[in-house]
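One structure is given below, encoded as structure tokens.
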Ligand code: AMP
Ligand code: ZN
Ligand code: ZN
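In my numbering, the protein residues as written are 1 to 303.
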């Protein structure tokens with residue numbers, strides 16, 4: 001027998017379900033799946049007190065499905081959200097992903113700020129070679145710096161990223177099996193503003209990778225399908241594969257592992273002595289830094 005949409009059924013209508021959310025034992029039609037994702041995103045924003053309708057948001061958009069979906073949904077929900085894209089200069093990848101970000105900006109009629117790493121410093125691959133640091137580490141440093149600086153310089157209150165449930169679970173899992181207590185303490189969908197840093201939030205933290213992919217499909221949001229060629233073999237990808245195997249045996253493992261961590265464990269870690277130091281100002285660029293020279297300026301110095 002064909003499964004029926006739960007929401008339609010409650011309204012006395014018999015519509016075949018096109019999406020089966022086994023985690024929540026919920027079958028939905030296309031229309032009610034779309035509203036389920038949007039409602040869940042809005043609930044996450046409210047549950048974690050992320051932002052309100054009067055605040056100016058800057059969404060970091062990579063051209064991948066999560067950040068594009070999120071930007072589209074925030075706009076649909078009536079939030080004031082512009083986009084920000086960093087062109088990392090990765091051949092065969094960056095030029096393609098940029099087009100998807102630009103297409104979305106046009107579709108929702110919002111501003112997209114673009115920063116070109118080639119003009120700022122150098123493309124990410126040369127930067128990695130010249131500084132003898134792994135590409136992913138250089139990329140992370142550059143993104144963190146420009147996310148924060150661009151939001152501040154352009155008067156945005158909050159920086160929004162598209163990290164999804166699978167991203168957050170993979171990081172949580174990695175930090176747990178290695179007992180990185182300091183990282184666990186800071187793992188939260190909201191990082192409050194502090195000296196030199198804008199507030200950062202992850203409203204898609206309760207939406208899984210699969211749910212996000214289905215949302216793009218049903219909302220006709222086109223995105224870059226290929227993974228970043230430089231991320232292949234990264235530990236986060238290996239962890240995602242292990243977690244998928246656990247999820248096959250333990251129903252709703254991902255969502256429980258992550259949300260129960262936030263409810264039961266994260267608060268306990270906040271009671272521990274807080275080791276976090278106050279940031280200084282980078283002596284070169286003035287951005288917040290825990291050393292005399294910030295990590296981006298020291299990359300520049302090594303060139
Ligand atoms: P990733 O680190 O690639 O898993 O991406 C995590 C989040 O960072 C994405 O959902 C985006 O919000 C943001 N992001 C990643 N790459 C870029 C980029 N090149 N430009 C702007 N935002 C990005
Ligand atoms: Zn329905
Ligand atoms: Zn600096």
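Beta carbons are placed, not taken as given, at the ideal position from N, Cα and C, and that holds for glycine.
**Study point:** Collapsed DSSP secondary structure at residue 93 in the structure displayed
**Key:** coil
**Study point:** residue 207 - DSSP class collapsed to helix/strand/coil
**Key:** coil
Review point. With distances taken between CB atoms, is the gap from residue 127 to residue 84 smaller than 9 Å?
Key: no
Check your understanding: So what's residue 231 in DSSP terms, helix, strand or just coil?
Key -> coil
Review point. So who's on the other strand from residue 85, going by DSSP bridges?
Key: 114
Check your understanding: In this structure, does DSSP put residue 265 in helix, strand or coil?
Key -> helix
Check your understanding: Any heavy atom of ligand 1 within a distance shorter than 8 Å of the CB on residue 295?
Key -> no
**Study point:** residue 160 (DSSP reduced to helix, strand or coil)
**Key:** strand
Review point. Below 8 Å, can you find three or more Cβ-Cβ pairs linking the region 250-264 to the region 172-187?
Key: yes
Review point. Using a threshold of 8 Å, is the CB atom of residue 140 nearer than that to any non-hydrogen atom of ligand 3?
Key: no
Practice item. Return helix, strand or coil for residue 11, following the three-state DSSP convention. Key: coil
**Study point:** Residues that DSSP places opposite residue 201 in a beta bridge
**Key:** 160, 190
**Study point:** Chain-order list of residues whose beta-carbon lies under 7 Å from that of residue 203 (same chain, five-residue window excluded)
**Key:** 41, 44, 45, 50, 70, 160
Practice item. Would you list the one or two residues that DSSP bridges to residue 281? Key: 288
Review point. Which residue comes first and which comes last in the alpha helix (DSSP H) that contains residue 175?
Key: 165-177
Check your understanding: If we call anything under 9 Å between Cβ atoms a contact, is residue 38 one with residue 11?
Key -> no
Practice item. Thinking residue 125 and residue 86 are a contact (beta carbons under 8 Å), I'd like their distance in whole angstroms, please. Key: Between residue 86 and residue 125 the Cβ distance is about 14 Å, and since that is not below 8 Å, they are no contact.
Check your understanding: Going by alpha carbons, who is nearest to residue 30 out of 218, 118, 209?
Key -> 218
Review point. How long is the line joining the alpha carbons of residue 23 and residue 82, rounded to whole angstroms?
Key: 32 Å
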